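A.B. asks: Residue numbers (this note's numbering): 20 to 228.
1) By alpha-carbon positions, which one of 94, 163 and 132 ends up nearest to residue 79?
2) Kindly indicate which three-state DSSP category residue 51 falls into: helix, strand or coil?
3) Between which two residues does the alpha helix (DSSP H) containing residue 226 stretch?
4) Can you list, in chain order, the residues of its chain whose CB lies under 8 Å from that of residue 164, leaving out five sequence neighbours each side?
5) Using CA atoms only, rank isn't needed, just tell me which of 226, 181 and 166 is closest to residue 153.
6) Just verifying my parser: in three-state terms, what is the DSSP assignment at residue 189?
7) How is residue 169 classed by DSSP in three states: helix, strand or coil?
8) Can you give me the start and stop residues for the alpha helix (DSSP H) that residue 215 sits inside?
9) Using the C-alpha atoms, what's the distance from residue 85 back to residue 124?
10) Report the partner residues of residue 163 according to the DSSP bridge assignment.
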């Protein structure tokens, strides 16, 4: 009988030590978990912003600027010569890659310089990555900031796209947008005076506005 009593007392002591008397074993409140997740997401976003800021600063004084070109479906990614290659596909299952070329102009606006460099290129391809813009007549008119605290980059271009087919239309647009996006994720593009002209570029439905 005494043995059973000691066993019960011992078990109770262990339970008290594990549940009620050990301040280190406490459930994490749900609101704390939420705050921790928000803090982690903020830190990740800040890291992305820091990467973009560092890229802008480094490329501002570089003789070579990265421009966006296209790796078409079925083509192998080159072993060298490509600075970055996107994992995301667009249009006809194409991907964007960035190659560095001699900058066309050098100002205090790296976005303007990169777009000018891209539009000035008359190379149809860089290795096995194609340049869908080489026959188009686009030129950069201006780059300006808008929105709250100038957070949005506006790129104004004029000219005409020389598109050989359905797959080329999204390639033309994505090359320009990706070149802007590497420096400014918040952007707008105006073609011949309006956003609609850019948005509807290559659209043959007649319903785009």
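The C-beta atom is built at its ideal place from N, Cα and C for all residues, glycine as well. Every value quoted in this text rests on a predicted model; they were computed, and no experiment measured them.
C.D. replies: So, from the data block:
1) 132
2) Here residue 51 scores only 43 on pLDDT, less than 50, and its place in the model should not be relied on; the value that follows carries that caveat. In this structure, residue 51 counts as helix in the three-state DSSP scheme.
3) Counting along the chain, residue 226 falls outside any alpha helix (DSSP H), and DSSP gives it neither H nor E.
4) 170, 171, 172 and 173
5) 181
6) helix
7) helix
8) 214 to 218
9) 13 Å
10) 173
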